[in-house]
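Number of protein chains: 2
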Amino acid sequence: MIEKKKAAKRTRRPLTEIRQENIDQIVKAAEKQFADNGFSGTTVSSIAEAAGLPKPNVLYYFKSKEGLYRAVLKRILELWMEAMHDLHAEDHPREALRGYIVRKLRQSRDFPDASKIFAAEILHGAPYVREELEGPLKRQFDDTVAVFRAWIAKGWMDPVNPEHLLFTLWASTQSYADFALQMKVLLGREELTDDDFDNAIELLTRLVLKGCGVKMV
Amino acid sequence: MIEKKKAAKRTRRPLTEIRQENIDQIVKAAEKQFADNGFSGTTVSSIAEAAGLPKPNVLYYFKSKEGLYRAVLKRILELWMEAMHDLHAEDHPREALRGYIVRKLRQSRDFPDASKIFAAEILHGAPYVREELEGPLKRQFDDTVAVFRAWIAKGWMDPVNPEHLLFTLWASTQSYADFALQMKVLLGREELTDDDFDNAIELLTRLVLKGCGVKMV
DNA sequence: TCATCTTCTGACCGTGCGGTCAAAAGATGG
DNA sequence: CCATCTTTTGACCGCACGGTCAGAAGATGA
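Protein chains in written order, with UniProt numbering: chain Y, 1 to 217; chain D, 1 to 217.
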């Protein structure tokens, strides 16, 4: 890894490329470190080491540890809200809800660090994302709740509490990232398998669709 | 608060009582601090201050910050496993599952700090509770899964995946502690109300019972 | 009352942290 | 090639943290 870096440095590279690559490396390393050790438990040195750079170089691109954390959080929030799109009142909940569960679970599997950082942030009082919660995320939330209400009005699902339904969807899907370690230990696995995720999809869609009185066909 | 402590010190009190009270104060303060700021984000001084004692006094009762954290974790794990009792194969899932959901939600409401500390611990790789996960908790887990299997065998519920059902129960109930802040913001509340918890009970029991094909009567 | 416990506390210490700086090394554009 | 950018780096700083210690204060039991 170090050799690769050294080699890369020997060849002439344009500044823009260097900058982009370094920033990417740093953010990637930071995401891992923050997910594993939390904000306070992470040191700038450890991020620098994981990124293959000296510490002052990291501080050169991001003025402070907090600045770097905020940058990481921003990326995560965008990712987080993406999955909530594509729930529309015109679609039938039978396919829409299943699709939502699949996407959310895939996110938990593919980007567990993002989920963990977000969870820890909320857990500890959301000191850095309060505004985003109250602004964009609340709008997304209200919109999605409205879609559920529309489905209920159309008789496509039973009159369940839409807010808590969404909370439950989030909690049960995100836990496959946040609590993956616990699941692995209790299932006696080294890693969660594709089968585990398929089982999760099946169980969750079943609970939600049957539980909300949506015909499963 | 300080005045109260001073006054208490003036009156003669037996050592055993002093010891017990101080330890209780410290553990209580530590639980709050660890839940709010995580292990690394918590300082011994802040715990001491919250407990109304000088820092060395805290270290006098608990040799180290880690020792104090372990003591707090131990209490939490016991609490955590308590709620899993009282699921028996002879009981009908209709009442048993509802009772379980109610207990778990009550725990999230009454002891949110415990839940948060546990969640953060798992999130960050369970460095201090790995053994407990692999030992006592896994046994509890296997027993509970066996109860679900027994219910399925008796035809009292559909053949759903019992492991993932339990994961979902945990995730959705615990999130009312771990993500309470997010819920408050999105619901536009200052605090979660009794009604909110009633709605959660209703929705969760509905999803689980209907979803698993248990007659709700 | 007195000897001997336990509890309490101010002062202190070493370490590791986030962050700075100045100067070297490299890239750029004419 | 050269003047002027940006990037890289070792050395350094102040500070807050976890933890120690010696001795004061208080409790105990005979």
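Virtual Cβ for every residue (Gly too), placed ideally from N, Cα, C.
Contact of residue 122 (chain D) with chain Y by beta-carbon distance below 8 Å involves 178, 179, 181 and 182. A residue is called buried when at least 16 other Cβ atoms come within 10 angstroms of its Cβ; residue 60 (chain Y) does not meet this threshold and is exposed.
Contact between the stretch 83-91 of chain Y and the stretch 53-68 of chain Y is not established, with fewer than three Cβ pairs separated by less than 8 Å. Ranked by Cα distance from residue 112 (chain D), the first of D:79, D:207 and D:43 is D:79. Residues of the same chain with a CB within less than 6 Å of the CB of residue 151 (chain Y), apart from the 5 flanking positions on each side, are 93 and 157 in chain order. At least one beta carbon of chain D lies nearer than 8 Å to the beta carbon of residue 168 (chain Y).
Looking at Y:143, Y:69 and Y:22, the one whose alpha-carbon comes closest to that of residue 33 (chain Y) is Y:69.
Taking every protein chain shown into account, the CB of residue 88 (chain D) has fewer than 16 other CB atoms within 10 angstroms, so this residue is exposed.
Residues of the same chain with a CB within less than 8 Å of the CB of residue 127 (chain Y), apart from the 5 flanking positions on each side, are 121 in chain order. Secondary structure at residue 87 (chain D): coil, using DSSP grouped into helix, strand and coil. Close partners of residue 133 (chain Y) in chain D (Cβ separation under 9 Å): 181, 182, 185 and 186. Distance from residue 58 (chain Y) to residue 26 (chain Y) at the Cβ level is roughly 6 Å; contact confirmed, criterion being Cβ atoms closer than 8 Å. Taking C-beta separations shorter than 7 Å and ignoring five residues to either side along the sequence, the partners of residue 118 (chain D) in its chain run 76 and 80, following chain order. Non-local C-beta neighbours of residue 39 (chain Y) in its own chain, meaning closer than 7 Å and more than five positions away in sequence, comprise 69, ordered along the chain. Looking at the backbone, the Cα of residue 140 (chain D) and that of residue 175 (chain Y) are separated by about 19 Å. Put simply, the backbone Cα of residue 143 (chain Y) is about 39 Å away from that of residue 44 (chain Y). The three-state reading of DSSP puts residue 64 (chain D) in coil, since its state is none of H, G, I, E or B.
Counting only runs that start and end inside the stretch 107-152 of chain Y, the alpha helix (DSSP H) elements of at least 4 residues fall at 112-123. By the neighbour-count definition (other C-beta atoms within 10 Å, threshold 16), residue 162 (chain Y) is a buried residue.
Shortest Cα-Cα distance from residue 195 (chain D) to any of D:105, D:212 and D:207 involves D:105.
Residues of the stretch 95-118 of chain D with a C-beta less than 8 Å from any C-beta of chain Y: 116, listed in chain order. Nearest neighbour of residue 138 (chain D) by Cα position, chosen from Y:103, Y:181, Y:23 and Y:52, turns out to be Y:181.
The CB of residue 141 (chain D) comes closer than 7 Å to the CB of 186 in chain Y, given here in chain order.
Residue 171 (chain Y) counts as buried, since at least 16 other C-beta atoms from the protein chains shown sit within 10 angstroms of its C-beta.
Leaving aside the five residues that flank residue 149 (chain D) on each side, the residues in its chain whose CB is nearer than 7 Å to its CB run, in chain order, 162. Residue 30 (chain Y) and residue 73 (chain D) have their C-alpha atoms roughly 28 Å apart. Residue range 194-211 is occupied by the alpha helix (DSSP H) that includes residue 199 (chain D). Between residue 100 (chain D) and residue 169 (chain D) the beta-carbon gap is near 7 Å, inside 8 Å, which marks them as a contact. Considering only beta carbons, the part of the stretch 142-162 of chain D lying closer than 7 Å to chain Y consists of 160 and 161, in chain order. DSSP places residue 183 (chain D) in the helix class (H, G or I) of the three-state scheme. For residue 212 (chain D), same chain residues with a beta-carbon under 6 Å away, outside a window of 5 residues either side, are 157, 158 and 160 in chain order. For residue 67 (chain Y), not one C-beta of chain D is nearer than 8 Å to its own C-beta. Among the residues of the stretch 196-216 of chain Y, those with a Cβ less than 9 Å away from any Cβ of chain D are 196, 199, 200, 202, 203, 204, 206, 207, 208, 209, 210, 211, 212 and 213, in the order of the chain.
The C-alpha of residue 178 (chain D) lies about 24 Å from the C-alpha of residue 97 (chain Y).
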